[in-house]
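With the working numbering as the guide, the letters of the sequence shown map in order to residues 18 to 343.
Idealized CB from N, CA, C, for every residue including glycine.
Note that this is a predicted model, so its numbers are computed, not measured.
Quick notes on the structure that follows.
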Amino acid sequence: QDTSIPALEEYFSVISSSMEKYFDTDIPLTEGWNIAAYFPEYDLDASSPEFYVLSSILDNVISAKDNHGLFMLPAFNFSNMNLWRESQGYMIKVDQDVILNYPVENNGNNANPDDNNEHRHWAAPVRTSQNMSLLISSISGIDIPQACEVASIDDNGHIVGRGRFLENGSCGLAVWGDDTETDLIEGLKNGDAFSLKIWDETTDIEQSLIVEYFETGSELRYQKDGIIVLNASVESFVPSELFLSQCYPNPFNATTRLTFGLPEASQVSLGIYDLSGRLVTSLVNGNYNAGTHSALWESGNASTGVYLVRMEAGEFSSIRKVTLLR
């Protein structure tokens with residue numbers, strides 16, 4: 018069975034032109050991967066934890082994905098999929114033969130947090146006719162996962178997948194395979210190894226991700242339509258020079274985070290000042306080891322306005338501006 022994206026789209030075109038679009042049409046699915054046309058004339062919610070669109074067979078669903086590589090894994094309570102929509106086709110993997118019936122219309126209105134327009138760091142990978150799904154279910158060693166992107170990178174340094182974190186700290190990305198119908202190499206071939214990197218928006222630093230353990234799979238190697246679920250940590254990063262990053266978020270309403278880096282252990286002071294030079298609050302005053310560190314400013318009763326963040330470490334001094342809005 019050809020489950021490539023062009024085949025999926027062609028299949029749906031044929032099916033939709035030959036059948037009436039009753040929402041409760043029986044759709045037989047066999048064990049393994051299937052291509053399923055979408056018959057309802059209304060949108061259905063695909064978000065976790067309900068996975069409403071596949072509620073009639075949810076106990077048997079291993080995974081589902083669309084031609085953009087967005088996917089759901091009910092066993093891991095994960096979905097980055099948009100609403101399922103008329104004129105689309107979807108791939109569904111089940112653990113036994115079942116009959117799918119799409120449910121009645123509900124008021125779901127989930128939006129894809131992994132939309133390409135939301136990415137700001139890594140360029141979009143080439144979307145080909147095949148991919149695999151990778152879920153980072155948790156990550157340690159970084160404070161603000163929502164302000165980060167993850168990229169999968171081949172041995173030549175090419176981006177073959179990317180994703181952003183959800184509010185619960187998980188991140189799903191499609192890792193794209195090579196299109197065998199072209200002479201170009203757009204993605205990975207079965208068995209090709211890849212690595213993972215994370216970019217922290219608050220520091221503008223790229224760091225390698227280390228796999229702590231695999232929940233499914235055993236190594237970072239591409240397999241068409243494969244599924245990898247893992248837990249990861251951020252490789253320790255020691256900067257080559259002292260720095261104080263921009264505050265995040267900025268402007269802010271109640272709290273903002275400041276990140277600073279030390280190439281070696283040092284005495285550090287970090288304070289918030291108003292524009293007249295008066296110290297508003299001291300955030301850091303002590304010895305810190307080499308590496309990256311962060312501090313949180315909880316503005317409390319401070320008034321709306323522009324403030325100065327000043328860091329001193331030995332002979333190093335740096336000032337950043339931050340705006341508080343009430």
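Approximately 15 Å separates the beta-carbon atoms of Q284 and A312; this is outside 8 Å, ruling out the contact. Counting only the Cα atoms, T321 lies some 22 Å from M328. Within the same chain, and ignoring the five residues on either side of G294 in sequence, no residue has its Cβ closer than 6 Å to its Cβ.
Shown here, I159 sits in coil according to DSSP, grouped into three states, outside any helix or strand. DSSP links N248 through a beta bridge to S155 and Y230. Around the C-beta of D171, 16 or more other C-beta atoms lie within 10 Å, and the residue is accordingly described as buried. Apart from the 5 residues on each side of it in sequence, Q224 sits with its Cβ closer than 6 Å to the Cβ of I215, V251, E252 and F254 in its chain, given in chain order.
Of the candidates S335, Y119 and D83, D83 places its Cα closest to the Cα of G106.
In this structure, N248 places its C-beta atom within 7 Å of the C-beta atom of Y230. P280 and S212 have their alpha carbons spaced roughly 26 Å apart. DSSP, read as helix, strand or coil, puts N77 in helix.
If you look at G278, you'll find it in the beta strand (DSSP E) that goes T272 to L279. With contacts defined by Cβ atoms closer than 7 Å, V111 and N77 form a contacting pair. Around the CB of I202, fewer than 16 other CB atoms lie within 10 Å, so the residue is classed as exposed. Assignment of P57 by DSSP, reduced to helix, strand and coil, places it in the coil class. Between the beta-carbon of L205 and that of G189 there is about 17 Å, and that puts the pair past the 8 Å contact cut.
With a cutoff of 7 Å on beta-carbon distance, I244 and S104 are scored as not near each other.
Under the DSSP definition of a beta bridge, I202 lacks any partner. By the Cβ-count criterion, T309 is buried, with 16 or more other Cβ atoms from all chains shown falling within 10 Å of its own Cβ. DSSP links N51 through a beta bridge to I109.
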